[in-house]
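Per this note's numbering, residue 50 is the first one in the sequence shown, and the count goes up by one each step.
The C-beta atom is built at its ideal place from N, Cα and C for all residues, glycine as well.
Predicted model, so just to flag it, every value in this text is computed and none were measured.
Written below as structure tokens is the structure these notes are about.
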Amino acid sequence: MGNGDPSKAVIFGCSGPALTDGERRFFEQAKPLGFILFERNCQDPDQVRGLVGELRETVNRPDAPVLIDQEGGRVQRLKPPHWRDAPPPGAFAALAGRSLSRAEEAVRLNGQLIAAELSGLGITVNCAPVLDIPGPDSHAIIGDRAFGNDPEIVAALGMAAAAGLFQGGVIPVIKHIPGHGRAKADSHEELPVVDAGAEELTETDFSPFRALNRLPWAMTAHVVYTALDGENPATTSAEVISRTIRGDIGFKGVLVSDDIGMKALGGPFEERAAAVLAAGCDLVLHCSGDTAEMEAAAAGAGPVTDEGLARLQSGESMLKAPGDMGGDIDTPRVQARLDEIMNAEDGP
Numbered sequence: 050m051g052n053g054d055p056s057k058a059v060i061f062g063c064s065g066p067a068l069t070d071g072e073r074r075f076f077e078q079a080k081p082l083g084f085i086l087f088e089r090n091c092q093d094p095d096q097v098r099g100l101v102g103e104l105r106e107t108v109n110r111p112d113a114p115v116l117i118d119q120e121g122g123r124v125q126r127l128k129p130p131h132w133r134d135a136p137p138p139g140a141f142a143a144l145a146g147r148s149l150s151r152a153e154e155a156v157r158l159n160g161q162l163i164a165a166e167l168s169g170l171g172i173t174v175n176c177a178p179v180l181d182i183p184g185p186d187s188h189a190i191i192g193d194r195a196f197g198n199d200p201e202i203v204a205a206l207g208m209a210a211a212a213g214l215f216q217g218g219v220i221p222v223i224k225h226i227p228g229h230g231r232a233k234a235d236s237h238e239e240l241p242v243v244d245a246g247a248e249e250l251t252e253t254d255f256s257p258f259r260a261l262n263r264l265p266w267a268m269t270a271h272v273v274y275t276a277l278d279g280e281n282p283a284t285t286s287a288e289v290i291s292r293t294i295r296g297d298i299g300f301k302g303v304l305v306s307d308d309i310g311m312k313a314l315g316g317p318f319e320e321r322a323a324a325v326l327a328a329g330c331d332l333v334l335h336c337s338g339d340t341a342e343m344e345a346a347a348a349g350a351g352p353v354t355d356e357g358l359a360r361l362q363s364g365e366s367m368l369k370a371p372g373d374m375g376g377d378i379d380t381p382r383v384q385a386r387l388d389e390i391m392n393a394e395d396g397p
């Protein structure tokens, strides 16, 4: 992707397992930077590979990022019988309470197995790991999607998950920066407001993101932090993005919004997309595959900035860094070792 790249700063979903003629025409004209897949798009491996190829053809870029949420547990778009049922992050958090080193190994192996499945389909970016830290009275939307509630353990397991994905040739996305765990509402349904003080947030919620601030991609939280910006959620807050995400946390990579179709955000989609980019995100994410919404979002999104392109290229280079790539994953061996660790913990 050179500086002459005309891609729009947006990632789009599509409606089903194959592109409609209307979607194909729209993507050819809109030229989104990349795409995201959901369960509705994934029937079997051959079909997914075909869809991924078809999506990239519409923008004439064989390297266009294709994203998915394959966290394990409740959030995995690829499911049995064609794909494995990966454990939820919470299962590894329980293991970490007994042995952090074994939990780190298990998480890394699990990341390798997820990456092997994704890269075999042509999917290049996984929207994981979750680095949020749920509180005692938080909404259950995060729950066992988190690696527990100890910031140091969350950071350690998050880094292990990212390492496993890298080793399998997939870019990780840390989320939901600067931290969704304390929210008492589900941002899919309404806008959560967090009233914790700046110092408390910095010491706890932001801590795992700071520890992993060198990773290539992060996804924002649709959450208002009254101590930082009393009006705007992080996704559309220039204050939170510049002072907290880019400043205090020190994240330098690609910043993608969470889905702008979520009810936490309001207003027309053109305005939502424009607000996300104006605040300092590199990319807008729109997931539903609704063509009218995508057309509006595309109208509000400009091209990827030179800075955004540089961050994207930096992420690609991390993936190709010598020593990071273990080549093909020996799936049976990795699965056997992961089972050995998890089953040993299930025993007496």
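When the options are compared against residue i, the one with the closest alpha-carbon
i    : options                   : result
P111 : G102, F75 and Q119        : G102
F75  : A347, G279, L332 and I390 : A347
L214 : D181, V179, V174 and R194 : V174
L314 : H271, P200 and A177       : H271
Q125 : P114, D308 and P137       : P137
T107 : T251, L387, A165 and D70  : D70
L193 : G139, A327, T285 and D331 : What sits at residue 193 in the sequence shown is Asp, not Leu. Measuring from the Cα of D193, the nearest candidate turns out to be G139.
L264 : R295, E249, V273 and G279 : R295
D181 : A195, G169 and S286       : A195
P317 : R98, A345, K301 and L304  : A345
K312 : I202, P282 and P55        : P282
A135 : V115, G160 and R73        : G160
Under 8 Å between C-beta atoms of residue i and residue j
i    : j    : result
A205 : E153 : yes
T293 : P227 : yes
A276 : A247 : yes
R218 : L361 : Here the sequence assigns Gly to residue 218, which means Arg is not the residue at that position. Going by C-beta atoms, G218 is not nearer than 8 Å to L361.
I117 : L167 : yes
L162 : T340 : no
V59  : A324 : no
K289 : V243 : Rather than Lys, the amino acid found at residue 289 in this sequence is Val. Taking 8 Å as the Cβ cut-off, V289 and V243 do not qualify as a contacting pair.
L261 : M208 : yes
N198 : P178 : no
Classification of residue i by the beta-carbon crowding that lies within 10 angstroms, buried from 16 upward
i    : result
N109 : exposed
G230 : buried
S306 : buried
R147 : exposed
N392 : exposed
T354 : exposed
G372 : Only weak support exists for where G372 lies, its pLDDT of 43 falling under 50; the coordinates are left without a value.
G308 : The question names Gly, but residue 308 in the sequence shown is Asp. D308 should be labelled buried.
A113 : buried
D377 : exposed
S366 : exposed
P200 : buried
Contact set for residue i: own chain, Cβ-Cβ below 8 Å, skip 5 residues either direction
i    : result
F255 : P227, G228, T293, D297 and I298
S291 : G329
E356 : D331
E57  : According to the sequence provided, residue 57 is Lys. The question's Glu does not apply to it. So the list reads A79, K80, P81, L82, A347, A350, G351, P352 and V353, once near-sequence residues are dropped.
L68  : F76, L100, E103, L104 and T107
Cβ-based neighbour list, residue i, same chain, cut-off 7 Å, excluding 5 preceding and 5 following
i    : result
G310 : H335, C336, S337 and E342
I390 : R151, E154 and A155
L326 : A58, V333, A350 and G351
Beta-bridge pairing of residue i - partner residues as DSSP gives them
i    : result
G218 : In DSSP, G218 forms no bridge with anything.
T275 : BP columns for T275 are empty, so no partner.
F61  : F84 and H335
I223 : A267
V175 : Correcting the residue type first, residue 175 is Asn in the shown sequence and not Val. Per DSSP, I117 and P221.
D199 : In the DSSP output, where bridge partners are listed per residue, D199 has none listed.
Q125 : Q119
Cβ shell of residue i (< 6 Å), same chain only, five flanking positions each side left out
i   : result
Q92 : P66
E88 : R126
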